[in-house]
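For reference, the structure discussed in these notes is given below.
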Amino acid sequence: MLLRMSTLFLRTLREDPADAEVPSHKLLVRGGYVRRAAPGVYSWLPLGKIVLENVAGVVREEMNRIGGQEVLLPALLPREYYEATNRWVEYGDNLFRLVDRKGADYLLGPTHEELFTLLVKGEYSSYKDFPVILYQIQEKFRDEARPRAGILRGREFHMKDSYSFDIDDEGLRRSYELHREAYIRIFDRLGLRYAIVSATSGAMGGSASEEFLAETPTGEDTFVRSTGSDYAANVEAVRTPVPASLPIEGQPEARVHHTPNTPTIESLVDFLNGAGLGRTFTAADTLKNVLVKIRRPGETEWEILGIGLPGDREVDTKRLEAAVEPAEVALLDEADFAANPFLVKGYIGPRALLDNKVRYLVDPRVVPGTRWVTGADRPDHHVVDLVCGRDFTPDGTIEAAEVREGDPSPDGEGTLYAARGIEIGHIFQLGRKYADAFEVDALGPDGKPKRITMGSYGIGVSRVVAAIVEQSHDDKGILWPREVAPADVHVVGTGKGEQIEVALRLAGELEARGVRVIVDDRKGVSPGVKFTDAELLGVPTAVIVGKGLASGVVELRDRATGEREEVPVDTVVDRVAAIVAEG
RNA sequence: CGGGGAGUAGCGCAGCUUGGUUAGCGCGCAUGCUUUGGGAGCAUGAGGCCGCGGGUUCGAAUCCCGCCUCCCCGACCA
């Protein structure tokens, strides 16, 4: 491959585009890789298209390696497929919808579970046909409420989606594991720093699911990492380490105290510390009881649920929702309190909940033998030294408390801290949701139909391009990893002598050796401009054919390290070929 | 959907408060000469629905009313 700058469809910009905020957006636009066509919609210009294809190529190779077979399904889909799975409704406003001339509803595919499922149903019918993995690399469409950050979160984007079809759960686990390994190889080859975090399955429906997050400060997803290991997880998935139980014998007796005007944890702690009880209390010594109500799918009645957690922690709504899923959850309103007079707002304790058959779940830190200050179930009274396992026994534990920086890591190594990431890949064990919706069965060896099971796996190819730039740039421009770079070497000819001719000759020789090359053969462009453009574009290796040519040398530069070296002009092709060969 | 900001040449911006020459600057683009190892100089030139619609006025990029669009933060979301 040989691209000549004199004819390449490329215009670089000196200034950042006004609408760009994040580095990848600025640099991809300035470098002439992409141009905005509409909000959240981008055109890929020649260099951008090459990079995009390079990423897609890596994905394709690794998908093929695990036996995936590539197909290409339409992006334009009739409504009926999405009706069957209720996603025409569930996807809501995020679905791009359109109507054809006959008035029939269509949509632009946001993901393709339905069509893949039907494809397999139509072709395969025997257990002997399975397992099978199909994938495509194609445009997806989602009418995001707020597209942002350029390529990072668009409304039209390039995505690899694959689907596995298996006859049983064991097969699904294998297909899932194959994808997991393939994704690790893909993101390693692409030079990304990433974490694999377990995820909740969300609207897709299903069970086991993991996200691949490229760690960058501009990422939209927060997750937690450990200082002491490579543990990483979504906040929703963090399991609180359970402390050892304490002996109940020898604990002081629980005593009710009159604590006027202490409806909040803060006021309570202040009061206790002024009450002369002979010790100092903190919010962490109190047990806060939060009342919510949950409703299980298909039921109309709400059930009240009491949640006990240390008073220094707030309830994290997302963790609570994930913990009760698939039930929905809401706070109690005034009517609920009125209907349940045993709930004394601000002074709720475990006793009244348990006596009134309200299900009571506590934070995992509330283990037998721990003693707490908590509500005494009547106004202006709290009980001190209420011991778990002696004075009350919860119905179980729940992960609803916020996770904080400095909390111990669930794997026992180090403490947690917050990190941000870009979701570049997602793998799901979907199970039978789609197979059930479309009744996809395979005949088993016994001649009886067996419902198949599926997995769904995505990689945001265009997003990966942006994520690479987010992780790999400096103040001058992009630093492409060689595997995705638009070229291996950028040959720059400067000066008014024979430099440009020599640059073109070297470029031709390099191309003949299989090296991908961009040559800056523009005439009348000053060296500074050419150097600046080369640095902005970010090709890993540069060869400068300039003033040294008179003494028979050219300059070899490494974009990432900035190292420069004079090399005799007649050996530079060998040198570059060797550099490219070793990666 | 809530909050904030912005629509003027391909890109980045000034002009608007206080209406009044032919709407301006930088980059880019074209032509010529000079220049050629770090975003060159001089000269000449092309390029505008001042977001759209209405109004006020002798006169509107500028003032008033309505609308549209885009960007950022949040909510939501893969």
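End of the first sequence sits at 632 in the numbering used here; the numbers just go up one at a time, nothing left out. Here a beta-carbon is modelled for each residue, glycine too, at the ideal position from N, C-alpha and C. Every value quoted in this text rests on a predicted model; they were computed, and no experiment measured them.
Distance CB(residue i)-CB(residue j) smaller than 7 Å
i, j, result
"Ala231", "Val510", "no"
"Ser275", "Ser55", "no"
"Gly117", "Ser247", "no"
"Asp444", "Arg408", "yes"
"Val341", "Val378", "yes"
"Leu295", "Gly493", "no"
"Glu454", "Ala467", "yes"
"Gly395", "Ala425", "no"
"Gly355", "Ile314", "no"
"Arg79", "Leu101", "no"
"Ala263", "Ile471", "yes"
"Val318", "Ala332", "yes"
"Gly601", "Val616", "no"
"Leu369", "Trp421", "no"
"Ile476", "His307", "no"
"Leu51", "Val540", "no"
"Ile473", "Ala516", "yes"
"Gly504", "Tyr130", "no"
"Pro498", "Val416", "no"
"Tyr280", "Asp460", "yes"
"Pro88", "Pro196", "yes"
Bridge partner(s) assigned by DSSP for residue i
i, result
"Phe477", "Ser258 and Ser505"
"Arg84", "Ser92"
"Tyr184", "Glu119 and Ser211"
"Trp421", "Leu435"
"Ser275", "Leu465"
"Lys337", "Leu358"
"Leu326", "Partner(s): none; Leu326 has no beta bridge."
"Gly470", "Glu264 and Asp270"
"His74", "Bridge partners of His74: none, in fact."
"Ile245", "Phe261"
"Leu147", "Tyr155"
"Asn283", "Phe272"
"Glu614", "Leu605"
Supposed contact pair residue j and residue i - C-beta distance, whole angstroms, cut 8 Å
i, j, result
"Val432", "Ala303", "5 Å"
"Gly595", "Gly544", "6 Å"
"Pro180", "Gly220", "5 Å"
"Gly597", "Asp570", "Not quite, the Cβ-Cβ distance comes to about 18 Å (not below 8 Å), so this is no contact."
"Val629", "Val551", "Between Val551 and Val629 the Cβ distance is about 20 Å, and since that is not below 8 Å, they are no contact."
"Val120", "Leu183", "5 Å"
"Leu77", "Ile186", "The Cβ separation is near 19 Å, so there is no contact."
"Leu167", "Leu126", "That belief does not hold up - the Cβ atoms of Leu167 and Leu126 are roughly 11 Å apart, past 8 Å."
"Glu547", "Ser73", "At roughly 39 Å, the Cβ-Cβ gap does not stay under 8 Å, so Glu547 and Ser73 are not in contact."
"Tyr176", "Ala556", "The pair is not a contact, with the Cβ atoms about 56 Å apart (cut-off 8 Å)."
"Glu532", "Val90", "In fact, because the Cβ distance is near 27 Å, the residues do not count as touching under 8 Å."
"Thr464", "Ala484", "With a Cβ gap of about 43 Å, Thr464 and Ala484 do not count as contacting."
Residue range of the unbroken alpha helix (DSSP H) whose run includes residue i
i, result
"Tyr232", "Asp218 to Arg238"
"Leu585", "Pro576 to Leu586"
"Gly357", "Where Gly357 is concerned, there is no enclosing alpha helix (DSSP H), although the beta strand (DSSP E) it sits in stretches over Glu352 to Pro359."
"Lys497", "Where Lys497 is concerned, there is no enclosing alpha helix (DSSP H), given that its DSSP letter is neither H nor E."
"Tyr130", "Arg128 to Ala133"
"Tyr483", "Lys482 to Phe487"
"Asn405", "That residue, Asn405, is in no alpha helix (DSSP H); it is neither H nor E in DSSP."
"Val169", "Glu162 to Glu172"
"Asp385", "Glu383 to Ala388"
"Ala379", "Looking at the DSSP string, Ala379 is not in any alpha helix (DSSP H); the run it does join, the beta strand (DSSP E), is Glu377 to Leu380."
"Glu550", "Gln548 to Ala561"
"Glu139", "Arg136 to Glu139"
"Leu369", "Thr366 to Val373"
Terminal residues of the beta strand (DSSP E) in which residue i lies
i, result
"Tyr155", "Asp154 to Leu157"
"Thr543", "That residue, Thr543, is in no beta strand (DSSP E); it is neither H nor E in DSSP."
"Val594", "Thr590 to Val594"
"Arg512", "That residue, Arg512, is in no beta strand (DSSP E); its alpha helix (DSSP H) goes Val510 to Gln520."
"Asp537", "Here Asp537 belongs to no beta strand (DSSP E), and DSSP marks it neither H nor E."
"Asp569", "Val566 to Asp569"
The ligand COA heavy atom lying under 6 Å from the CB of residue i
i, result
"Glu363", "Of ligands this structure carries none, so the ligand COA is not represented either."
Original post:
How about the stretch 443-455 and the stretch 280-290: do they share at least three Cβ pairs that are nearer than 8 Å?
Top reply: yes
- Message: Across the stretch 140-147 and the stretch 156-163, are there enough close Cβ pairs to call them in contact, namely three or more that are closer than 8 Å?
- Response: yes
Three or more C-beta pairs closer than 8 Å, one from the stretch 202-216 and one from the stretch 501-516: is that the case here?
yes
Original post:
Are the stretch 603-614 and the stretch 568-576 touching by the rule of at least three beta carbon pairs closer than 8 Å?
Top reply: no
Check your understanding: Any chance the stretch 56-69 sits against the stretch 83-101, with 3 or more Cβ pairs inside 8 Å?
Key -> yes
Quiz prompt | Contact between the stretch 343-353 and the stretch 311-330 (3+ Cβ pairs under 8 Å) | solution = no
Using a Cβ distance threshold of 8 Å, determine whether the stretch 582-589 contacts the stretch 516-527, with at least three qualifying pairs required.
yes
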